[in-house]
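Asks: Questions regarding the structure given below will be posed in turn.
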Amino acid sequence: MKILSGIQPSGQLHIGNYFGMMQTMISNMETSELYVFIVDLHALTSVHDREKLAKGTLEAAADFLALGLDPEKCIFWVQSDVPEVCELSWALSTLTPMGLLERCHSYKDKVAKGIAASHGLFAYPVLMAADILLYQADRVPVGKDQKQHLEVARDLAMKFNNQYGETFVVPEPAISESTATVPGLDGQKMSKSYGNTIPIFMEGKELKKRVMAIETDAKPVDDPKDPDTCNLYQMMQLFASKERMEEIRGLYVNGGAAYGYLKLELLDLLNDTFGVAREKKKEYMADPEMVRQILRKGRDKAREKASVTMDLVRERIGLKY
Ligand code: ADP
Ligand code: TRP
Numbered sequence: 000m001k002i003l004s005g006i007q008p009s010g011q012l013h014i015g016n017y018f019g020m021m022q023t024m025i026s027n028m029e030t031s032e033l034y035v036f037i038v039d040l041h042a043l044t045s046v047h048d049r050e051k052l053a054k055g056t057l058e059a060a061a062d063f064l065a066l067g068l069d070p071e072k073c074i075f076w077v078q079s080d081v082p083e084v085c086e087l088s089w090a091l092s093t094l095t096p097m098g099l100l101e102r103c104h105s106y107k108d109k110v111a112k113g114i115a116a117s118h119g120l121f122a123y124p125v126l127m128a129a130d131i132l133l134y135q136a137d138r139v140p141v142g143k144d145q146k147q148h149l150e151v152a153r154d155l156a157m158k159f160n161n162q163y164g165e166t167f168v169v170p171e172p173a174i175s176e177s178t179a180t181v182p183g184l185d186g187q188k189m190s191k192s193y194g195n196t197i198p199i200f201m202e203g204k205e206l207k208k209r210v211m212a213i214e215t216d217a218k219p220v221d222d223p224k225d226p227d228t229c230n231l232y233q234m235m236q237l238f239a240s241k242e243r244m245e246e247i248r249g250l251y252v253n254g255g256a257a258y259g260y261l262k263l264e265l266l267d268l269l270n271d272t273f274g275v276a277r278e279k280k281k282e283y284m285a286d287p288e289m290v291r292q293i294l295r296k297g298r299d300k301a302r303e304k305a306s307v308t309m310d311l312v313r314e315r316i317g318l319k320y
């Protein structure tokens, strides 16, 4: 089984990214053929600062390594290091109906948030389909927000196969029910672009301030509360043991849940969960050459796989004469 996913190096990675995608990828390391990459070409749709993009790419790679991704047990690379993806993206784009892209809400959402409505942003899902189809991935772990993009990838795989004969695996999304959408400080989806995140690698006072800023209602401690509409409760659920969550649920339903106290408990859980990774990240960031070397090795392995698919694609579409 080939499992593949990518992440944009466009800001500090947060616990939504971790539970939506990174944790699933890392946990599949032992049992699957795993493909993990940093999608710098996608990030170009919103980051036009050379240094920010280059540093973000190294940092996102360090994040994955620090969280336990073992580059010996997967293929781990930077998207732009395998230029075949752009060639495949072009071939797919010639089969992509405009209407399919016009329906993508991610494009509309991003434009509404002020990202320039470029052709690259519009064609973003086609490049993402190329990412997935180039490596013949079976499953793609993502958060719920990427579901529609996965549908585009499936549509394009089927369209290509119909037009030119069986070439691509039709990929399946893998969206975990419990972590499909991790809420942010304000209860909306946690997202870098909403400024409502808890970054995985934030520490100390800065982190405490974020956790204390989680919005809750203003009910007094002893009043009964609804855990299912409380984003603090949903965040705790990601970290606390089942037994502890049962106790906490009791406090919500029967009264006795003190938000300030629970926030401090969440802070401890964050520090316990990510403490080791934070130290490891510092080591990787102190030695960027080591990270680059790991990525170069990954690039070579990824290119080998990509060239097999592209050879076949070129033949199928008539680019071999
Ligand atoms: P952001 O919205 O912060 O820019 P990305 O678009 O870079 O995040 O997402 C990277 C990965 O993390 C994707 O697989 C995405 O579905 C997942 N993800 C992002 N935010 C969340 C969230 N709040 N809950 C669950 N998964 C998420
Ligand atoms: N669009 C994804 C996001 O914003 C990132 C991405 C690009 C991706 N290519 C991919 C995810 C291929 C999975 C597979 O999160």
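Quick note on numbering that gives the first Met the number 0: the sequence shown kicks off at 0 and runs consecutively. Note that beta-carbon positions come from the ideal geometry of N, C-alpha and C, so glycine has one too. Just so we're clear, the structure is a prediction, and the values are computed from it rather than from any experiment.
1. How should V141 be labelled, buried or exposed, when 16 other C-beta atoms within 10 angstroms of its C-beta is the threshold for buried?
2. Return yes when the Cβ of Y193 is within less than 9 Å of the Cβ of P226, no when it is not.
3. Going by DSSP, what residue range makes up the beta strand (DSSP E) through Y251?
4. Would the beta-carbon of L155 be found less than 8 Å away from any heavy atom of the ligand TRP?
5. Counting only the same chain and skipping the five closest in sequence on each side, list residues whose C-beta sits under 7 Å from that of L3.
6. Which residue wins for smallest C-alpha separation from A223, given the options A257, A212 and K208?
7. Would the C-beta of H13 count as close to the ligand ADP, meaning under 8 Å from any of its heavy atoms?
8. Would you check whether the ligand TRP has a heavy atom nearer than 8 Å to the C-beta of V139?
9. Between which two residues does the beta strand (DSSP E) holding F36 run?
10. Whole-angstrom Cβ separation of A152 and A179, contact assumed at under 8 Å?
11. Per DSSP, what are the beta-bridge partners of L3 in this structure?
12. Since M244 and Q236 are thought to touch, with beta carbons under 8 Å apart, how far apart are those beta carbons, to the nearest angstrom?
13. At 4 residues or longer, and completely inside the segment 177-236: list those alpha helix (DSSP H) runs for me, N to C.
14. Cβ of Y123 versus every heavy atom of the ligand TRP: is any distance shorter than 8 Å?
15. Within 8 Å, do at least three Cβ pairs link the segment 54-66 to the segment 18-37?
16. On the criterion of 16 or more Cβ atoms from any shown chain inside 10 Å, does M201 qualify as buried, or is it exposed?
17. For the candidate residues Y106, F238, I197 and V220, whose alpha-carbon lies nearest to that of A212?
18. Determine, using beta carbons only, whether A116 and V110 come nearer to each other than 9 Å.
19. Could you tell me if W89 is buried or exposed, where buried requires 16 or more neighbouring beta carbons within 10 angstroms of its beta carbon?
20. Applying the criterion that 16 or more other CB atoms from any shown protein chain within 10 Å of the CB defines a buried residue, is Y320 buried or exposed?
21. Measure the C-alpha to C-alpha separation of G10 and K191 and round it to an integer number of angstroms.
22. How long is the line joining the alpha carbons of L263 and L87, rounded to whole angstroms?
23. Flag this pair as yes or no: are the beta carbons of A301 and V81 separated by less than 9 Å?
24. Please list the terminal residues of the continuous beta strand (DSSP E) segment that includes V139.
25. Cα-Cα, which of C103, E32, K146 and L91 is closest to E176?
Replies: Walking through what the data contain:
1. buried
2. Taking 9 Å as the Cβ cut-off, P226 and Y193 do not qualify as a contacting pair.
3. No beta strand (DSSP E) contains Y251, which is instead part of the alpha helix (DSSP H) from K241 to N253.
4. no
5. Y34, I131, Y134, A136 and V139
6. Note on identity: in this sequence residue 223 is Pro, with Ala being the wrong assignment. Comparing Cα-Cα distances from P223 to each of A257, A212 and K208, the minimum goes to A257.
7. yes
8. yes
9. It spans E32 to I37 - the beta strand (DSSP E) in which F36 sits, taken as one unbroken run.
10. So it is not a contact: roughly 18 Å between Cβ atoms.
11. Y34
12. 6 Å
13. Annotation: the segment 177-236 contains the following complete segments of the alpha helix (DSSP H) (minimum length 4 residues), in chain order: 203-211.
14. Yes, Cβ of Y123 sits closer than 8 Å to a heavy atom of the ligand TRP.
15. Counting Cβ pairs under 8 Å, three or more are found: they touch.
16. M201 is classed as buried because its beta carbon has at least 16 other beta carbons within 10 Å across all chains shown.
17. Among Y106, F238, I197 and V220, the Cα nearest to that of A212 belongs to I197.
18. yes
19. exposed
20. The Cβ neighbour count for Y320, taken over all protein chains shown within 10 Å, is under 16; the residue is labelled exposed.
21. Taking the straight line joining both Cα atoms gives about 7 Å.
22. Rounded to whole angstroms, L263 and L87 show a C-alpha spacing of 49 Å.
23. The Cβ atoms of A301 and V81 lie closer than 9 Å to each other.
24. R138 to P140
25. K146
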